[in-house]
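Here is the structure we will look at, set down as structure tokens.
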Ligand code: CA
């Protein structure tokens, strides 16, 4: 594996202590300035780098990129160039922003056209998501849900350790951090009730997930092996897969999640590449019993990404309710993509693959309110004295993700979304 950047590199752009965005990160996103067009961008510290302006000033010369790739409302055109292009781009950006390189550092005129303080821009959806799959790959989460809803003695269904279980979700309702989401309305049925009723969900929940985004298409009939999978993966984002537990409970039999899961899923705006995450690769949990040959893999495909979830009631400070880690995933991303394509299902650039709720082994690492408050039996006490079994109107859910090793910290920033009241039925 190519080692792209040393941890001792520094940028001439200020990177504050504790920032997720040192020069070793170089994530990709789409931004716009007030009155400006959407552009492709990267970020160092709290500065957004306009890649179109960067290209127009000649800083990408010699790499063979069409500048218009970056004058775009999505990263799809750039991503579709493939992994060698992503690497060339990150190498060039690293070179130009290295503290020892004067080319742009000493040219304020060009900086004024290329660099924008993050606080003054709006981040947009980074990709057009054609298809979205959501897996169910955390053994702790699947076990917890099995205990609560089925049978504590047989919490995992018989297929779970053989198949990376998943379902096809809906891409139209995937939105970027900062977007408010209305409480969904739908059918629910109380256990003792004879008939269902209709109204706003009373059990809106978050699901702490990561999602990977594919950067290379396949043709119908073609499969991607676990060994090939990472060449097809552009990078990852934090993924808050909002869920309505009461709607879910009534509707999910026999075909699985539907309206309880597609009223809003929210992603962090910066896609962090697998190359940037390379120093944080770790072994995953031991898989026992052995998996079928097409799911076997070599090397490590888990990543040590620390994940926090905070709930912020209106006009109050955020309160930490979960600290988990992506490394707990039982099924890794290479296995997920191999399974997705093993039947010949084709994939496209920009497709998104949710990990499933990432719960750890202890109650403080559970990745949903369903588990944290254990089906409402253990409400979370908030600093203001109120309690939460699920998410209240005007609560903001904040998820953060970052990797840390020695002095190197690379992260995703955060994904934030406020739950606002349901739109009244007319
Ligand atoms: Ca989910």
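Numbering (our numbering), first residue to last: 74 to 499.
Ideal Cβ positions, reconstructed from N, Cα and C, are used throughout, including at glycine.
- For residue 295, the three-state secondary structure derived from DSSP is coil.
- Under the three-state reduction of DSSP, residue 313 is assigned to strand.
- Within the segment 385–418, complete beta strand (DSSP E) segments of at least 3 residues are found at 392–398, given in chain order.
- Here residue 185 carries a helix assignment [DSSP, helix/strand/coil].
- In this model, residue 374 and residue 117 are separated by some 26 Å (Cα to Cα).
- The beta carbon of residue 111 sits closer than 6 Å to those of 103, 105, 146 and 197, all from its chain and outside the five residues before and after it, given in chain order.
- Note: residue 116 is bridge-paired with 121 in the DSSP secondary-structure output.
- Excluding its 5 nearest sequence neighbours in each direction, residue 163 has C-beta neighbours in its own chain below 6 Å: 99, listed in chain order.
- For residue 104, the uninterrupted beta strand (DSSP E) segment begins and ends at 102–105.
- One alpha carbon belongs to residue 248, the other to residue 477, and they sit about 27 Å apart.
- Residues of the same chain with a CB within less than 8 Å of the CB of residue 211, apart from the 5 flanking positions on each side, are 401, 402, 403, 428, 429, 430, 431, 432 and 440 in chain order.
- Distances from the CA of residue 350 to each of 342, 360, 307 and 371 were compared; the closest alpha carbon is that of 307.
- Here residue 408 is near residue 370, since their CB atoms are less than 8 Å apart.
- Counting other Cβ atoms within 10 Å of its Cβ, residue 361 stays below 16 and is therefore classed as exposed.
- Residue 83 carries a coil assignment under DSSP once its states are collapsed to helix, strand and coil.
- Within the chosen limit of 7 Å, ligand 1 does not reach the beta carbon of residue 435 with any heavy atom.
- Judged by the Cβ position, residue 278 fails to qualify as a neighbour of ligand 1 at the 7 Å threshold, every heavy atom of the ligand being at least this far.
- Within 10 angstroms of the beta-carbon of residue 395 lie 16 or more other beta-carbons, which makes it buried.
- Here residue 88 carries a coil assignment [DSSP, helix/strand/coil].
- Assigned with DSSP and collapsed to three states, residue 338 falls in strand.
- For residue 257, the CB contacts under 6 Å within the same chain, skipping 5 residues up- and downstream, are 274, 317 and 336 in chain order.
- When 227, 406 and 168 are compared, the shortest CA-CA separation from residue 356 is found for 406.
- In chain order, 389, 390 and 392 place their CB closer than 8 Å to the CB of residue 456, counting only its own chain and leaving out the 5 sequence neighbours on each side.
- Between the beta-carbon of residue 206 and that of residue 367 there is about 17 Å, and that puts the pair past the 8 Å contact cut.
- Residue 191 has its alpha-carbon roughly 5 Å from the corresponding atom of residue 119.
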